[in-house]
Amino acid sequence: MSCIPCKQRRESDFPTLREICPSILRHRLLYASPYSAIHRVVIGEVAFVQPGHFHPPGSILASTASNIILERRNYLRLCILEAGISETYLFKRYPHVIFSFLLLHLQLNLVLLYSQSLRTMIMTSSPCGVHLVGSICGAETATDSFKKCVTAFPSCIYRLPDGEPASRNNFIGWQRTVFSGIPVALEQYDAKGDVIEQPKASPCEVADVIKNMAPLKLCYDDFALESYAEFKRLKDEGVIPKSVKFLVCVPTVYCVMSLLRAEFAATVEPIYTNALVGCLKRLEAEIPHEDLAVQVDVAAEPMLIHARPGKRIYHFDQYWEGDVFTGAMDRVAALVRSVSGDVEVGMHICYGDMGHKHFIEPADTADIVRIANSVLERAQRPINWIHFPVPKARDDEAYFEPLRGLKVGHETELYVGLVHPNDESGTRKRLETATKFLEGRKFGVATECGLGRAPTEEFDSVARISTAICSPAS
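Numbering (this note's numbering), first residue to last: 2 to 475.
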């Protein structure tokens with residue numbers, strides 16, 4: 002059909018859309034409303050922007066929205082061209098089409114404006130929330146720890162651990178008592194903390210020891226339930242905010258198996274795994290799921306995968322066949338996956354804190370990214386948060402640059418362990434550099450590791466710095 006100026010045409014000359022367009026084009030012309038795309042992409046992100054939520058950078062979503070809008074607008078024009086009629090004629094016959102064009106144009110401009118303002122807000126706003134990694138110093142009981150933390154970090158925390166007081170203040174050291182019935186299986190250490198090499202036990206010797214081993218009583222569930230009773234009481238009294246969850250921290254199975262000689266670890270591992278999962282299931286049965294969060298402490302695997310073949314770091318040794326990294330990540334993911342889907346679970350990736358020193362100094366965040374991505378891929382469930390350390394001396398871009406490869410969605414919160422006591426200026430420098438490489442997404446802050454072995458004055462300094470640089474959690 003040739004294009005005829007509208008003023009020269011009679012009413013009968015105007016064909017219907019059914020006559021001028023194939024059915025699929027007619028449908029797209031009439032119903033290609035941009036609203037659903039805008040609602041899904043832009044309005045959807047508005048929900049993420051509410052305080053306390055973590056979300057992808059606005060530029061990505063806005064770009065997606067604007068591309069959809071442009072595609073719809075161009076498609077409308079294509080429909081008109083294929084129909085062989087002028088836009089003027091179509092707008093006269095079907096005035097709602099011009100409204101669609103105007104709406105598309107308006108929404109495109111709104112999206113671009115929203116993108117700029119959102120990105121500015123993200124890049125200039127403070128970190129959102131403080132993550133307490135686990136242990137807390139100067140607290141003899143869980144009650145002391147709860148009160149100390151909600152006072153020191155007012156309105157800044159989403160999850161609250163019991164501080165791992167008393168016998169649990171040495172991370173996994175207290176788990177040696179779990180194996181007191183089979184002392185021959187334990188690694189032994191000299192005065193400097195180095196492993197004392199022992200003759201390797203034969204398979205028969207290992208089998209005899211394991212056969213006589215009593216059922217393992219890990220006590221993670223016992224301590225957690227005792228602490229939760231206090232947590233609930235303080236929550237009911239208004240001391241702990243209603244929105245805060247009770248955080249239970251457990252080590253990876255490999256981390257505890259590093260306490261054992263390698264030839265025993267391989268046999269004990271499935272027994273210990275079943276016992277640890279049993280602890281978690283008991284907690285899930287007795288604590289409301291909306292009140293519970295579980296943190297898996299990945300505090301040995303970084304040293305294992307970093308070690309050179311045949312040369313272990315401290316007591317971290319491989320006791321399984323096959324690839325080191327694959328075996329380690331499969332084990333971490335299995336533990337994460339054992340937590341029910343409606344219970345929050347997170348990861349604390351660590352390089353150690355013995356004597357306030359790392360077992361190794363990471364060159365950058367490449368191994369952290371590799372671990373996080375691998376567990377996310379294997380876990381088959383959401384991971385609600387990931388925490389990783391930043392050494393005090395590392396405010397350089399080289400350390401943070403691998404974070405660009407972190408494959409986490411908005412459902413996973415990031416906590417950057419960049420807060421170091423008595424170093425507010427350094428903390429701000431590390432924060433500034435980290436922000437550049439987290440692609441504009443919101444994140445929270447933390448210390449590198451737990452605070453159980455820190456002097457009280459360092460805890461106070463951490464609290465002061467953290468609350469100074471953070472916006473409140475909600």
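Virtual Cβ for every residue (Gly too), placed ideally from N, Cα, C.
Practice item. From the DSSP output, in three-state form, read off I372 for me. Key: In this structure, I372 counts as helix in the three-state DSSP scheme.
- prompt: Under 8 Å between the Cβ atoms of V134 and G451?
  reply: Yes. Within cutoff.
> Straight-line CA distance for A335 to I288?
Replying inline: Taking the straight line from one Cα to the other gives about 22 Å.
_Give me the residue from S426, D209, V376, V370 with the minimum Cα distance to A186._
Distance check between A186 and each of S426, D209, V376, V370 places D209 closest, using alpha-carbon atoms only.
Check: Taking the alpha-carbon positions, what's the G53 to G174 distance?
Finding: Confidence in G53 is poor, its pLDDT being 33 and thus under 50, which makes the residue's placement unreliable; the coordinate value appears in the next sentence. Using only the alpha carbons, I get a separation of about 35 Å.
- Is the region 209-224 in contact with the region 408-428, if contact means three or more CB pairs nearer than 8 Å? With the rule of 3 Cβ pairs closer than 8 Å, the region 209-224 does not count as touching the region 408-428.
DSSP three-state label for M348, please. The DSSP-derived three-state label of M348 is strand.
- Are the region 241-257 and the region 280-300 in contact at 8 Å, needing three or more beta carbon pairs? With the cut-off at 8 Å, the region 241-257 and the region 280-300 touch.
Distance between beta carbons of L284 and A225, contact taken as under 8 Å
Their Cβ separation, rounded to whole angstroms, is 6 Å, which keeps A225 and L284 in contact under 8 Å.
DSSP-derived helix/strand/coil call for I173: I173 falls in the coil class under three-state DSSP.
Please list, in chain order, all residues of the same chain as I260 whose beta carbon is under 8 Å from its beta carbon, the five residues on each side excluded.
-> For the record, residue 260 in the displayed sequence is Leu; it is not Ile. Answer for L260: I173, Q176, R177, F180, L187, E188, H316, listed in chain order.
Point to revise | Contact set for V207: own chain, Cβ-Cβ below 7 Å, skip 5 residues either direction | key: Closer than 7 Å at the Cβ level, and outside the excluded window around V207, lie E264, F265, T268.
Distance between A373 and Y159 (C-alpha atoms, nearest Å):
So the two alpha carbons sit approximately 21 Å from each other.
Write down every uninterrupted run of the beta strand (DSSP E) in the region 318-365 whose length is 3 residues or greater and which is fully enclosed by it, in chain order. Listed in chain order, they are 345-350.
Self-check item: First through last residue of the alpha helix (DSSP H) which encompasses Y255
Solution: Segment 254-258, the alpha helix (DSSP H) holding Y255.
Looking at T428: is its Cβ nearer than 8 Å to the Cβ of I466?
In this structure, I466 lies closer than 8 Å to T428 by Cβ.
Would you tell me roughly how many angstroms separate the C-alpha atoms of Y36 and E302, rounded to the nearest one? Reliability fails at Y36, whose pLDDT of 35 lies under 50, so the model's placement of it is uncertain and the value that follows must be treated cautiously. Spanning the two alpha carbons is a distance of roughly 48 Å.
For this session: Below 7 Å CB to CB, which residues in the same chain sit around S168 once its five sequence neighbours on both sides are set aside?
Result: W175.
For this session: Measure the C-alpha to C-alpha separation of V337 and I470 and round it to an integer number of angstroms.
Result: C-alpha separation (whole angstroms): 31 Å.
task: Please list, in chain order, all residues of the same chain as P473 whose beta carbon is under 7 Å from its beta carbon, the five residues on each side excluded.
output: Within its own chain, the residues whose Cβ lies closer than 7 Å to the Cβ of P473, once the five positions on either side in sequence are excluded, are S156, C157, listed in chain order.
| said: By the three-class DSSP mapping on this structure, what secondary structure does P422 have? | reply: P422 falls in the coil class under three-state DSSP.
Is K148 helix, strand or coil when you go by DSSP? The DSSP-derived three-state label of K148 is helix.
Going by beta carbon distance, what residues of the same chain come within less than 7 Å of S375, once the five residues before and after it are set aside? In its chain, beyond the 5 residues on either side, M330 have a beta carbon closer than 7 Å to the beta carbon of S375.
(message) Does the structure place the region 357-366 close enough to the region 394-402 that three or more beta carbon pairs sit under 8 Å?
(response) Judged by pairs of C-beta atoms under 8 Å, the region 394-402 touches the region 357-366, as three or more such pairs exist.
Identify the residues that DSSP records as bridge partners of C250: which are they? Paired residue(s): Q296.
- Exposed or buried, what is N275 when buried is set at 16 or more other beta-carbons lying within 10 Å of its beta-carbon? In the assembly as shown, N275 is an exposed residue. Its beta-carbon has fewer than 16 other beta-carbons within 10 Å.
Y255 to E270, Cα distance in whole Å? About 8 Å.
Determine the DSSP secondary structure at V131, reduced to helix, strand or coil. The three-state secondary structure of V131, taken from DSSP, is strand.
### Message
Could you check whether V346 and N385 sit closer than 8 Å to each other, using their CB atoms as the reference points?
### Response
Contact flag set, yes.
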